[in-house]
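Using our numbering, the first residue of the sequence shown is number 1, and each one after it goes up by one.
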Amino acid sequence: MLEALIIILVVGAIAGWLAGLLVQGTGFGLLGDIVVGILGALVTGFFLPQVGIVLAFGGGILGSIIAAFIGAVILLIVVKLIKKLLS
1 MLEALIIILV
11 VGAIAGWLAG
21 LLVQGTGFGL
31 LGDIVVGILG
41 ALVTGFFLPQ
51 VGIVLAFGGG
61 ILGSIIAAFI
71 GAVILLIVVK
81 LIKKLLS
């Protein structure tokens, strides 16, 4: 159980950090990157199949990081667009 939590946190941190590098102007620090990465994994795992997009990278940590990264980028782009619309 503890190992799974640590893996989730590490995957979230890496995916969120990479997404923050790609989507400029969205640095959130370590805790924020972890949250963005975990939410990105949820976006990729839940919402994309609902609209007919299924990502298959195989198992393992690298596949999890790639999937979470894609979801985190989508999430950061949506957040950036919403901020732009509200200001």
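Glycine included, every Cβ here is placed at the ideal spot set by N, Cα and C.
Option in the options with minimal Cα separation from residue i
i	options	result
Ile14	Gly71, Leu81, Val79	Gly71
Leu62	Phe46, Ile7, Ile82	Ile7
Gly45	Ser64, Ser87, Gly29, Phe28	Ser64
Gly40	Gly59, Ile82, Ile77, Gly60	Ile77
Leu9	Ala19, Leu30, Gln50	Leu30
Expected contact under 8 Å - CB spacing of residue i and residue j to nearest Å
i	j	result
Ala56	Val11	With 8 Å as the limit, Ala56 and Val11 do not qualify as a contact, their Cβ atoms being about 17 Å apart.
Val23	Lys84	Contact flag wrong, Cβ pair sits at about 13 Å.
Gly37	Gly52	Contact doesn't hold; Cβ gap of about 24 Å is too wide.
Close beta carbons around residue i, own chain, < 8 Å, minus the five adjacent residues each side
i	result
Val43	Gly71, Ala72, Ile74, Leu75
Val54	Leu48
Ile34	Leu9, Gly12, Ala13, Gly16
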